[in-house]
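Visitor:
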Amino acid sequence: MSAFNSPLLLGFDHFDRLLDRMSKSSPEGYPPYNIEQISENGLRITLAVAGFSWDDLSVALEDNQLVIRGRQSEDEGERIFIHRGIASRQFQRAFLLADGMEVTGASLDNGLLHIDLIRRVPEPKVRTIPIGRAGEAAHTITVSADEASSASRARTGHKREV
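Taking full-length UniProt numbering, the leading residue of the sequence shown gets 1, the next gets one more, and so forth.
1. For Ile-38, count neighbouring C-beta atoms within 10 Å of its own C-beta (all shown protein chains included) and say buried if the count is 16 or more, exposed if not.
2. Quick check on the DSSP output: what are the complete beta strand (DSSP E) runs of length 3 or more inside the UniProt domain "SHSP" (24 to 134), in order along the chain?
3. Under the rule that 16 or more other beta-carbon atoms within 10 Å means buried, what is Arg-133, buried or exposed?
4. Quick test of the definition: if touching needs 3 or more C-beta pairs under 8 Å, does the region 61 to 69 touch the region 93 to 106?
5. Mark Ile-82 as exposed unless 16 or more other C-beta atoms lie within 10 angstroms of its C-beta, in which case mark it buried.
6. What's the gap between the Cα of Leu-117 and the Cα of Val-126?
7. Whole angstroms are fine: how far does the CA of Asn-41 sit from the CA of Pro-122?
8. Are Tyr-30 and Leu-47 close, meaning C-beta to C-beta below 7 Å?
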């Protein structure tokens with residue numbers, strides 16, 4: 001039973017699927033990564049991808065998921081290793097992005113892949129919904145953005161237009 005099954009939470013069923021997908025995801029630690037806040041609404045994901053070139057990496061948005069893949073070309077026949085401690089395996093790392101998150105760029109610098117994201121803050125929207133009764137003209141209730149942000153003011157501060 002999920003908290004998102006409440007009849008008061010309309011349209012949030014996708015969170016159930018998202019949480020289910022997150023719980024089934026692999027906790028593998030390769031490649032290691034950092035997530036840092038670079039501004040009030042900006043984030044940077046940094047992955048350590050030593051040995052990978054631009055051609056070996058791909059960054060894609062698939063629905064609301066940021067997917068980073070790495071695959072090095074096979075050159076096993078050309079090199080003979082005495083010791084092999086640097087991983088050269090393929091990887092896929094995925095991050096679920098909230099609504100409003102946008103990827104602004106990606107760069108590769110000294111074995112670190114940086115992916116910059118920004119959260120676009122939407123402007124508050126106010127919409128007027130007509131209220132009608134059978135056989136009568138519709139009444140309109142207008143709620144300002146300030147009133148909607150405070151439950152007590154919204155409860156007592158409605159303007160009624162006829």
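In this text, a Cβ means the ideal position worked out from N, Cα and C, and glycines have one as well.
Guide: Per the coordinate set shown:
1. Classification for Ile-38: exposed.
2. If we require 3 residues or more, the beta strand (DSSP E) runs fully inside the UniProt domain "SHSP" (24 to 134) come out as 33 to 37, 42 to 48, 57 to 62, 65 to 70, 91 to 96, 101 to 109, 112 to 119, 129 to 131.
3. Exposed is the call here.
4. Flag = yes, the region 61 to 69 and the region 93 to 106 touch.
5. Exposed is the call here.
6. Approximately 28 Å, taken between the alpha carbons.
7. Spanning the two alpha carbons is a distance of roughly 12 Å.
8. In this structure, Tyr-30 lies away from Leu-47, with their beta-carbon atoms at least 7 Å apart.
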